[in-house]
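If you read the sequences in order, they're chains A and B.
Sequential numbering from 1 applies to the first sequence in this note's numbering.
Sequential numbering from 1001 applies to the second sequence in this note's numbering.
Notes follow the structure.
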Amino acid sequence: MRQKIVLAVIAAAAALILWRVFQPQQGEDVAAEADAGPTIAVLRRGNGSEPEALNPHNARTDSAFNIVRDLFEGLTSHDPDGKVVPGVAESWQVSDDGLVYTFTLRQDARWSNGDPLTAADFVYSFRRLADPATGAYYAASLSPVVNAGAIIAGSLPPEELGVEATGPHTLVMRLRSPTPYILDLCTHPSMSPVHRPSIEKHGDAYGRPENLVSNGAFVVSEWVVGSYVAAERNTEYWGNSANAIDKVIFYNTVDTSAELQRYRADELDFTGSIPLPQFNWIKQNLGKELHISPYLTTYYYGLNLTRPPFAGNAKLRQALAMAVDRELLTERITGTGELPAYGWVPPGTNYYTPQSFSWANLAPQERIAEAQRLYAEAGYSRERPLRVELRYNTADLHRRVAVAVGEMWKEHLGVELTLVNEEFRVMIQNIREKQVTEIFRSSWVGDYNDAFTFSQFLHTDFGLNLVGYANPKYDALLEQAAAETDLRRRRALLEEAERLMLADTPLIPLYFHVSRHLVKPHVRGWRDNIMNTHYSKHLSLQ
Amino acid sequence: MAVPTLLVLVVLAFVLMRLAPGSPFSSERNLPPSVEENLNARYGLDDSLGEQLLRYLGNLARGDFGPSLYYSDHDVADLIREGFPTSLRLGLAAMILALGAGVTAGIAAARRPGGMLDHLLMGVAIAGISVPNFVVAPLLILVFAVWLGWLPASGAGPDASLTAAGMVLPVVALALPQFAYVARLTRASMLEVLDSSYILAARAKGLPERTILLRHGLRPALLPVVSYLGPATAAVITGSVVIEEIFGLPGLGRYFVQAALNRDYFLVLGVVVFYGLLVVIANLLVDLCYGLLDPRVQRQ
Chain A
1 MRQKIVLAVI AAAAALILWR VFQPQQGEDV AAEADAGPTI AVLRRGNGSE
51 PEALNPHNAR TDSAFNIVRD LFEGLTSHDP DGKVVPGVAE SWQVSDDGLV
101 YTFTLRQDAR WSNGDPLTAA DFVYSFRRLA DPATGAYYAA SLSPVVNAGA
151 IIAGSLPPEE LGVEATGPHT LVMRLRSPTP YILDLCTHPS MSPVHRPSIE
201 KHGDAYGRPE NLVSNGAFVV SEWVVGSYVA AERNTEYWGN SANAIDKVIF
251 YNTVDTSAEL QRYRADELDF TGSIPLPQFN WIKQNLGKEL HISPYLTTYY
301 YGLNLTRPPF AGNAKLRQAL AMAVDRELLT ERITGTGELP AYGWVPPGTN
351 YYTPQSFSWA NLAPQERIAE AQRLYAEAGY SRERPLRVEL RYNTADLHRR
401 VAVAVGEMWK EHLGVELTLV NEEFRVMIQN IREKQVTEIF RSSWVGDYND
451 AFTFSQFLHT DFGLNLVGYA NPKYDALLEQ AAAETDLRRR RALLEEAERL
501 MLADTPLIPL YFHVSRHLVK PHVRGWRDNI MNTHYSKHLS LQ
Chain B
1001 MAVPTLLVLV VLAFVLMRLA PGSPFSSERN LPPSVEENLN ARYGLDDSLG
1051 EQLLRYLGNL ARGDFGPSLY YSDHDVADLI REGFPTSLRL GLAAMILALG
1101 AGVTAGIAAA RRPGGMLDHL LMGVAIAGIS VPNFVVAPLL ILVFAVWLGW
1151 LPASGAGPDA SLTAAGMVLP VVALALPQFA YVARLTRASM LEVLDSSYIL
1201 AARAKGLPER TILLRHGLRP ALLPVVSYLG PATAAVITGS VVIEEIFGLP
1251 GLGRYFVQAA LNRDYFLVLG VVVFYGLLVV IANLLVDLCY GLLDPRVQRQ
């Protein structure tokens, strides 16, 4: 009898727990309400991995940037083609020496809570971005601004930053050197204004949906970590009348195969990427909806220049660079529209003619013969082959590229390549320490559309010069270019620097990336662009 | 026993996590050294490991799980609080499905070992154990969401909510391997029980087969299933990274993998402690159930 009572009590408790657990969650009520009202235009975006933060100062990956671009707006913004257009600043004047930018802000710019958005907000935000106490990953966006470097390094207080509000709608920005791409830099999500009263009230919790006051076309309404971020039309936004989207949902689609199936099941209006192994199937079956566009990214193999065998051995580095058949690589191995890279700065970069290795135009056989000659001159032969390690992080694509390149080096030069597969952060640490690393795979994504974002990577003093390249001539050319106000002369200097660097071959560019999306035909206003930015406010649904 | 076990678990997880090379703040991007120092100082990562461990244990004792290093807008406790309900819903539904279907299948198979039904059910069970989730889940989506269009492809559904329909496919995918284990365990222990002397006595008394199976056979046969069920339930209700990523569900499972990859120290520790706690509770419940199922345990 006692047993039966215990059983009955447990069963009742279990039933109660189950009933609580399976009660509808909040989201279902919201959906039910939405169904009842007039139809609203909901844009459903596949957005890749989980955004790590919605606070522009903490965001650091593309999936977070995509959302921040909808929620916030900087001084400048992009048009659907990825070109720079006015954002919160409706116009600007540049001083004759190119060092002082005076931005005039829109009178009707407001925060999503109705507060007016003024130049003081930008001053506050830029100082906070530079302040090392903030710990912003993209503090370096400000580096062209006077004193930014010293503030980031902690040797000057943030108040010394070269930005100043000379009126409620006038912002003056002083630069260290003429920086023609400063307007591009201002489009970067890290350069968005943040709402001072909210940050002072909530601190780190500013980025939570209930606290986030923003100034873009949308305002965040929900963030279900692991599933989606939802944002609704910001009626306070100055350009609200031109926005055709009422609500946008950024789905977490970290698994690209699952993303494709959700797209096929009509649950997404466009995807953030595509599953590469299914590329051919997609091309045949969804070819009209597939959008492939060049993207400011170079995939390369870096060589550790601080240790043997690559330190001081330019011939060996050139031989390896020449013995890779990049056409074969992009057609057969990657095979999704990538462009073979014979230079470092990707095509499509503003005010720039892409440069190539001097041997890029040689016929394949001549190129191989030349590579073999350099390899021999560097002191290696089939009998005494180069034995070297290539580190890559765990991913099918990286493995396939590494195997193919290793095969080419073996066939043409007799190089014995060992592939070392490492977890991403372990690889990064090894690359930085420059101790065990010999060759590593990486890619460099341009932050803004200017060659300098690529040139700078190989400057001796740039913190992230992963290969350890140090060439005073190269540095001097970059510094000259940085001080140059004439765009044509600046361009010539940067191009010369790239040629000089390519001759040294501190790294081996393999191919230029492309962005890949599937876009439903009912999505209007979609434009492929080199920045791969797609603002929801530019799109509409038919 | 529970507290020392959890303590060992935390210390072990802490040490292992910190032995892994790489920093929570490293990326392919440039983080100025001054900023990295500031971040380390802010999260107390610049103190000695011993101090950090003691501080963490102290905070933990007060119920403070610390901040997430990667999801900087969130606390670890927030992430667990927000993620757990989804994992719990899915996990419980999957376990109920697996238990009901598995026990039924196990009994049915044990009735005539070597028979057609036995082969069929155990074949399904073998497939359930050996075909991984990341194959089953996309197949289910392809058939039921893309081809037939009966169910949504993602748990989150087109209207951005966790709907009952959206839960069907993830629950089935999650339940399949559990179903398989439960069915095999039930079958094996049922066969053993049916061989015992008291079942022989029951048969000799001329009791109907149904009564023998369900009344005299099932209770003792369930013991191994119940002891499996405890830890399995704790594992299933803390989520599955594969199921969550494929169906875009906001559960806890992803953190076990992603947090480790991101070197999100406090999040890793948080989910490990949480999971450890659930395992301890589940084992306690299993012990209680034993008493109900087996009078001998009660007397001890």
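Quick reminder that beta carbons are idealized off the backbone N, C-alpha and C, glycines included.
At a CB-CB cut-off below 8 Å, which residues of chain A make contact with B:E1209? Residue mapping note: residue 1209 of chain B aligns to position 209 of the second sequence, counting from 1. Residues of chain A with a Cβ closer than 8 Å to the Cβ of B:E1209 do not exist; the shortest Cβ-Cβ separation is about 25 Å.
Same chain only: Cβ atoms within 7 Å of A:T453, ignoring 5 sequence neighbours per side: Working through the first sequence from its first residue, we reach residue 453 of chain A at position 453. Non-local C-beta neighbours of A:T453 in its own chain, meaning closer than 7 Å and more than five positions away in sequence, comprise G446, D447, ordered along the chain.
Can you tell me the Cα-Cα spacing of A:A476 and A:Y469, whole angstroms? Counting from one through the first sequence, the residue named residue 476 of chain A turns up at place 476. Counting from one through the first sequence, the residue named residue 469 of chain A turns up at place 469. In this structure, the alpha-carbon of A:A476 lies about 14 Å from that of A:Y469.
Does A:S241 get closer than 9 Å to chain B when you measure Cβ to Cβ? On the first sequence, residue 241 of chain A is found 241 positions in, with the first residue counted as 1. So no, A:S241 is outside the interface.
Quick one: any contact between the segment 355 to 366 of chain A and the segment 494 to 502 of chain A, if contact means 3 or more CB pairs under 8 Å? Counting Cβ pairs under 8 Å, three or more are found: they touch.
Where A:K83 and A:Q480 are concerned, what is the direct C-alpha to C-alpha distance, given to the nearest angstrom? Walking along the first sequence from the start, residue 83 of chain A turns up at place 83. Walking along the first sequence from the start, residue 480 of chain A turns up at place 480. When rounded, the distance between both Cα atoms is 26 Å.
Can you name the residues of chain B whose CB is closer than 8 Å to the CB of A:G207? The residue you call residue 207 of chain A lines up with position 207 of the first sequence. By Cβ distance, chain B contributes S1072, D1073.
Tell whether a beta-carbon distance below 9 Å holds between A:P168 and A:A120. Along the first sequence, one-based indexing puts residue 168 of chain A at 168. Along the first sequence, one-based indexing puts residue 120 of chain A at 120. Remark: C-beta atoms of A:P168 and A:A120 approach each other more closely than 9 Å.
Mark A:D184 as exposed unless 16 or more other C-beta atoms lie within 10 angstroms of its C-beta, in which case mark it buried. Here residue 184 of chain A is taken as the residue at index 184 of the first sequence, counted from 1. Counting the other Cβ atoms within 10 Å of the Cβ of A:D184 gives 16 or more, which makes it buried.
Residue environment, A:G162, which counts as buried when at least 16 other CB atoms sit within 10 Å: Your numbering for residue 162 of chain A matches position 162 in the first sequence. By the neighbour-count definition (other C-beta atoms within 10 Å, threshold 16), A:G162 is a buried residue.
Could you tell me the distance, in whole angstroms, from the CA atom of A:S112 to the CA atom of B:R1042? Locating residue 112 of chain A in the first sequence gives position 112, where the first residue counts as 1. Locating residue 1042 of chain B in the second sequence gives position 42, where the first residue counts as 1. Cα to Cα, the separation comes out at about 30 Å.
Is B:A1002 helix, strand or coil when you go by DSSP? Counted from its first residue, the second sequence places residue 1002 of chain B at position 2. Helix, per DSSP.
9 Å Cβ cutoff met for A:R110 and A:E236: Sequence index remark: in the first sequence, residue 110 of chain A carries index 110 (1-based). Sequence index remark: in the first sequence, residue 236 of chain A carries index 236 (1-based). Yes.
For B:E1209 and B:N1283, I'd like the C-alpha separation in whole angstroms. For this step, residue 1209 of chain B is matched to residue 209 along the second sequence. For this step, residue 1283 of chain B is matched to residue 283 along the second sequence. If I take the Cα positions, the gap works out to 33 Å.
Tell me which same chain residues have a C-beta within less than 6 Å of the C-beta of A:A360, skipping the five on either side of it? Numbered from 1 along the first sequence, position 360 holds the residue referred to as residue 360 of chain A. So the list reads Y342, once near-sequence residues are dropped.
Does any CB atom of chain B fall closer than 9 Å to the CB of A:L54? Counting from 1 along the first sequence, the entry for residue 54 of chain A is found at position 54. Taking CB atoms only, A:L54 has a neighbour in chain B less than 9 Å away.
Near B:A1260, which residues of its chain fall below 6 Å by C-beta distance, leaving aside the five closest residues on each side in sequence? Start at 1 with the first residue of the second sequence, and residue 1260 of chain B comes out as number 260. Excluding positions up to five away in sequence, the list reads V1268.
By DSSP, does A:G343 sit in helix, in strand, or in coil? In the first sequence, counting from the first residue as 1, residue 343 of chain A sits at position 343. In this structure, A:G343 counts as coil in the three-state DSSP scheme.
According to the Cβ coordinates, are B:V1182 and B:A1098 closer than 9 Å? Along the second sequence, one-based indexing puts residue 1182 of chain B at 182. Along the second sequence, one-based indexing puts residue 1098 of chain B at 98. Going by C-beta atoms, B:V1182 is nearer than 9 Å to B:A1098.
Within the segment 1066 to 1150 of chain B, ranges of the alpha helix (DSSP H) (whole runs, at least 4 residues): With a minimum length of 4 residues, the continuous alpha helix (DSSP H) runs that stay inside the segment 1066 to 1150 of chain B are 1076 to 1111, 1116 to 1130, 1133 to 1140.
Using the beta-carbon of each residue, which ones in chain B are nearer than 7 Å to A:D204? For the purposes of this step, residue 204 of chain A is identified with residue 204 of the first sequence, where counting begins at 1. One finds S1072, D1073 in chain B with Cβ atoms closer than 7 Å to the Cβ of A:D204, taken in chain order.
For chain B, is any of its Cβ atoms less than 9 Å away from the one on A:Y511? Within the first sequence, residue 511 of chain A is the residue found at index 511, counting from 1. For A:Y511, the nearest beta carbon of chain B is not closer than 9 Å to its own beta carbon.
How long is the line joining the alpha carbons of B:E1036 and B:L1249, rounded to whole angstroms? Taking the first residue of the second sequence as position 1, residue 1036 of chain B is located at position 36. Taking the first residue of the second sequence as position 1, residue 1249 of chain B is located at position 249. Straight-line Cα distance between these residues: approximately 32 Å.
Taking B:M1111 as the reference, give the member of B:P1220, B:A1020, B:E1245, B:A1188 with the closest Cα. Taking the second sequence and counting its residues from 1, one reaches residue 1111 of chain B at position 111. The sequence given here has Arg at residue 1111 of chain B, not Met. Distances from the alpha-carbon of B:R1111 to those of B:P1220, B:A1020, B:E1245, B:A1188 put B:A1188 closest.
Whole angstroms are fine: how far does the CA of B:G1166 sit from the CA of A:G87? By one-based count along the first sequence, residue 87 of chain A stands at place 87. By one-based count along the second sequence, residue 1166 of chain B stands at place 166. About 40 Å.
Rounded to whole angstroms, what's the CA-CA distance from B:P1295 to B:L1194? Just pull it up for me. Numbered from its first residue, the second sequence carries residue 1295 of chain B at position 295. Numbered from its first residue, the second sequence carries residue 1194 of chain B at position 194. Cα to Cα, B:P1295 sits roughly 19 Å from B:L1194.
Look at the Cβ atom of A:A231, then the Cβ atom of A:V213, and state whether they are nearer than 9 Å. Walking along the first sequence from the start, residue 231 of chain A turns up at place 231. Walking along the first sequence from the start, residue 213 of chain A turns up at place 213. Result no, Cβ atoms of A:A231 and A:V213 do not sit closer than 9 Å.
Enclosing alpha helix (DSSP H) for B:G1230 [first to last residue]: Reading the second sequence from its first residue, position 230 is the one you call residue 1230 of chain B. Per DSSP, B:G1230 belongs to the alpha helix (DSSP H) from 1218 to 1237.
Comparing the C-beta of A:A423 with each C-beta of chain B, is any distance below 9 Å? By 1-based counting over the first sequence, the position of residue 423 of chain A is 423. Note on residue identity: the sequence assigns Glu, not Ala, to residue 423 of chain A. Output row for A:E423: interface = yes.
Taking 8 Å as the threshold, find out whether the segment 1131 to 1144 of chain B comes into contact with the segment 1166 to 1178 of chain B through three or more Cβ pairs. As far as the Cβ criterion goes, the segment 1131 to 1144 of chain B touches the segment 1166 to 1178 of chain B, which means the pair count is three or higher.
Looking at B:F1025 and B:L1252, is the spacing between their C-beta atoms short of 9 Å? For this step, residue 1252 of chain B is matched to residue 252 along the second sequence. For this step, residue 1025 of chain B is matched to residue 25 along the second sequence. Contact flag unset, no.
By the criterion of Cβ-Cβ separation under 7 Å, what are the contact partners of A:Y267 in chain B? Along the first sequence, one-based indexing puts residue 267 of chain A at 267. It is Glu, not Tyr, that sits at residue 267 of chain A in the sequence shown. Taking a Cβ-Cβ cut-off of 7 Å, the neighbours of A:E267 in chain B comprise P1152, A1153, S1154, P1158, given in sequence order.
Under DSSP, the alpha helix (DSSP H) around B:R1254 begins and ends at which residues? For the purposes of this step, residue 1254 of chain B is taken as the residue at position 254 of the second sequence. Boundaries of the alpha helix (DSSP H) around B:R1254: 1253 to 1261.
Tell whether a beta-carbon distance below 9 Å holds between A:R441 and A:H398. Mapped onto the first sequence, residue 441 of chain A falls at position 441. Mapped onto the first sequence, residue 398 of chain A falls at position 398. Cβ distance < 9 Å, so A:R441 and A:H398 count as in contact.
Counting along the chain, where does the beta strand (DSSP E) carrying A:S543 start and finish? Because chain A in this structure spans residues 1 to 542, residue 543 of chain A falls outside the shown range and cannot be described.
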